[in-house]
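Chemist: Just dropping this structure here.
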Amino acid sequence: MQELGKTGLGVSRIALGCMRMASLDDKAAQAVVETALEQGITFFDHADIYGGGASERRFAMAMKGLKVDREAIMLQSKCGIRKGYFDFSKEHIVASVDAILSRLETDYLDVLALHRPDALMEPEEVAEAFSELKAAGKVRYFGVSNQNTYQIELLQSYLSEPLVVNQLQLSPVHTPLIDAGLHVNMKEAAAIVRDGSVLDYCRLKKMTIQAWSPFLIDLQKGTFMNHPDYGRLNQTISRLADQYHVSREAIVVAWIMRHPAKIQTVVGSMNPARLEKIAEAEKIVLTRAEWYEIYTSAGNSLP
Ligand SMILES: NC(=O)c1ccc[n+]([C@@H]2O[C@H](COP(=O)([O-])OP(=O)(O)OC[C@H]3O[C@@H](n4cnc5c(N)ncnc54)[C@H](OP(=O)(O)O)[C@@H]3O)[C@@H](O)[C@H]2O)c1
-9 MQELGKTGLG
1 VSRIALGCMR
11 MASLDDKAAQ
21 AVVETALEQG
31 ITFFDHADIY
41 GGGASERRFA
51 MAMKGLKVDR
61 EAIMLQSKCG
71 IRKGYFDFSK
81 EHIVASVDAI
91 LSRLETDYLD
101 VLALHRPDAL
111 MEPEEVAEAF
121 SELKAAGKVR
131 YFGVSNQNTY
141 QIELLQSYLS
151 EPLVVNQLQL
161 SPVHTPLIDA
171 GLHVNMKEAA
181 AIVRDGSVLD
191 YCRLKKMTIQ
201 AWSPFLIDLQ
211 KGTFMNHPDY
221 GRLNQTISRL
231 ADQYHVSREA
241 IVVAWIMRHP
251 AKIQTVVGSM
261 NPARLEKIAE
271 AEKIVLTRAE
281 WYEIYTSAGN
291 SLP
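Under my numbering, the residue at position 193 of the sequence shown is numbered 183, and the numbers go up by one with no gaps.
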């Protein structure tokens, strides 16, 4: 378990991302949720756009089938992405939450996150939407996703409560969050600060970073696991998996967990057997040298 932001609430270190759940039938979705719960994964990440709403509906069916106590789990969803644009207007945020709650068949979300920055954001409007949702008991905590330091600072300055999460892409092969902090004041591309040092900022503010797509090269190219372009990384992962007697998947998640920012890993597998392998990450702690070896095996350099 780890603390969610500064809320004092304990959450599972691994979260199940439900983006791909719409592609399952009800029985398969129930099997995935059941396995997650058996493995101690009690935090579930959604978004209104996943499967056009179908992922949230399928998840609700699974919860009913399994007779899960609502208070035994944490439900997060995201809003703000529309067809062709982003929308953080008060009207859209409030309406999105009502639709999410109806699809998830629940009275409240534990966390609502704004999915991708809206260039036209009016922070006053977001603040009004958040306080209305909180007062109505529809959302307990708020967060963001894919936001940089000053975007968070700006929004935060209008809010009465701290934002608790920032969901960002992170895997051994997608490391902009880490690279610039290692290459300070150097001339190579890795030194470019792309996000306002948001990793350090979130640590400073005690916001939980949630790592999305921990196994992917990117959303188009699929996973780096067993991918021929990542031979060295896969060799390192296999060697460490043998050494620790855990799955290869566990090594990848253990790499994210080893970072002292206490990053929550949002895994998206819809395969129960794979989820069991992933959960083995909780059993091990990589050494500092092993963490750096995975980083460099993925093609990242050190100064
Ligand atoms: N905030 C954002 O902008 C954003 C963007 C994208 C995603 N997300 C969130 O992050 C969650 C995770 O994203 P993701 O699904 O792309 O993450 P992921 O866990 O990196 O990828 C899972 C996908 O990789 C496949 N895969 C193939 N081989 C694998 C292996 N050996 N180990 C693990 N997975 C393997 C899985 O297939 P199987 O199902 O067959 O295992 C599944 O399709 C999403 O569900 C969503 O909640 C957020």
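We put the beta carbon where it would ideally sit given N, CA and C, even for glycine.
Assuming THR96 and ARG48 form a contact by the criterion Cβ under 8 angstroms, report the distance between their Cβ atoms to the nearest whole angstrom.
Modeler: Not quite, the Cβ-Cβ distance comes to about 14 angstroms (not below 8 angstroms), so this is no contact.
Chemist: Is the beta carbon of ALA37 closer than 8 angstroms to that of LEU105?
Modeler: For the record, residue 105 in the displayed sequence is His; it is not Leu. Against a cut-off of 8 angstroms, the Cβ pair of ALA37 and HIS105 comes out as a contact.
Chemist: Taking Cβ positions, are TYR220 and VAL174 nearer each other than 8 angstroms?
Modeler: Cβ distance not < 8 angstroms, so TYR220 and VAL174 don't count as in contact.
Chemist: For the beta strand (DSSP E) containing MET64, name the first residue and the last one.
Modeler: Element bounds for MET64: 64 to 69.
Chemist: Return the chain-ordered list of same chain residues with a C-beta closer than 6 angstroms to the C-beta of ASN290, the five sequence neighbours on each side being excluded.
Modeler: Excluding sequence neighbours, ASN290 sits near THR165.
Chemist: Use the C-beta contact count for GLU112: other C-beta atoms within 10 angstroms, 16 or more gives buried, fewer gives exposed.
Modeler: So GLU112 ends up on the exposed side.
Chemist: If contacts are defined as beta-carbon pairs under 8 angstroms, then ALA251 and LEU189 qualify, I think. What distance do you get, rounded to the angstrom?
Modeler: Rounded, the Cβ-Cβ distance is 6 angstroms, consistent with contact.
Chemist: Whole angstroms is fine: what's the gap from ARG184's alpha carbon to GLU178's?
Modeler: Looking at the two C-alpha atoms, the distance is approximately 13 angstroms.
Chemist: Here's the rule I'm using: 16 or more other beta-carbon atoms within 10 Å means buried, otherwise exposed. How should MET176 be labelled?
Modeler: Counting Cβ neighbours within 10 Å, MET176 comes out exposed, since fewer than 16 surround it.
Chemist: Could you name each continuous beta strand (DSSP E) segment of 3 residues or more that falls completely within the stretch 50 to 112, going from the start of the chain to the end?
Modeler: Qualifying beta strand (DSSP E) stretches, in chain order: 64 to 69 and 99 to 104.
Chemist: Got a sec: does ligand 1 put a non-hydrogen atom nearer than 7 angstroms to the Cβ of HIS105?
Modeler: The answer is yes for HIS105.
Chemist: Using a C-beta cutoff of 8 angstroms, does GLY127 count as contacting chain B?
Modeler: Given the protein chain composition of this structure (a single chain), no chain B is represented.
Chemist: Per the DSSP calculation, PHE33 is bridged to which residue(s)?
Modeler: DSSP output for PHE33 lists ALA5 and MET64 as bridge partner(s).
Chemist: Take LEU123 and list the residues in its own chain whose beta-carbon comes closer than 6 angstroms to its own, dropping the five residues that flank it on each side.
Modeler: The answer, listed in chain order, is VAL87 and VAL129.
Chemist: Indicate whether PRO262 and THR25 have their beta-carbon atoms separated by less than 8 angstroms.
Modeler: In contact: PRO262 and THR25 (Cβ atoms closer than 8 angstroms).
Chemist: Starting from LEU158 and walking both ways along the beta strand (DSSP E), at which residues does that stretch end?
Modeler: Element bounds for LEU158: 155 to 159.
Chemist: How about ALA52 and ALA89: do their beta carbons lie closer than 8 angstroms?
Modeler: Against a cut-off of 8 angstroms, the Cβ pair of ALA89 and ALA52 comes out as no contact.
Chemist: Could you tell me the boundaries of the alpha helix (DSSP H) in which GLY221 lies?
Modeler: 221 to 234 is the span of the alpha helix (DSSP H), which, as asked, contains GLY221.
Chemist: Tell me whether TRP245 counts as near ligand 1, meaning its Cβ is closer than 7 angstroms to at least one heavy atom of that ligand.
Modeler: TRP245: no, Cβ never under 7 angstroms from ligand 1.
Chemist: Run the CB neighbour count on GLN200, radius 10 Å, all protein chains shown included, and call it buried at 16 or more, exposed below.
Modeler: GLN200 comes out buried.
Chemist: Can you pull the DSSP bridge partners for GLY0?
Modeler: Partner(s): GLU(-7).
Chemist: Using a strict less-than 5 angstroms threshold between each residue's beta carbon and the heavy atoms of ligand 1, what residues do you get?
Modeler: Listed by chain position, these are GLY7, MET9, ASP35, SER135, GLN157, TRP202, SER203, PRO204, PHE205, LEU206, THR213, MET215, GLU239, VAL256, VAL257, GLY258, SER259, MET260, ASN261 and ARG264.
Chemist: Where does the unbroken beta strand (DSSP E) through TYR285 begin, and where does it stop?
Modeler: Run containing TYR285: none in the beta strand (DSSP E); it sits in the alpha helix (DSSP H), 278 to 287.
Chemist: Can GLY(-5) and THR198 be called in contact, C-beta distance under 8 angstroms?
Modeler: Yes.
Chemist: Report the residue from LEU102, THR32, GLU143 and SER228 whose alpha carbon sits nearest the alpha carbon of GLY133.
Modeler: Selected option, being the one with the closest Cα: LEU102.
Chemist: How is LEU206 classed by DSSP in three states: helix, strand or coil?
Modeler: Residue state, collapsed to three classes: strand.
Chemist: For a test of the three-state rule: what should DSSP assign to ILE142, helix, strand or coil?
Modeler: ILE142 falls in the helix class under three-state DSSP.
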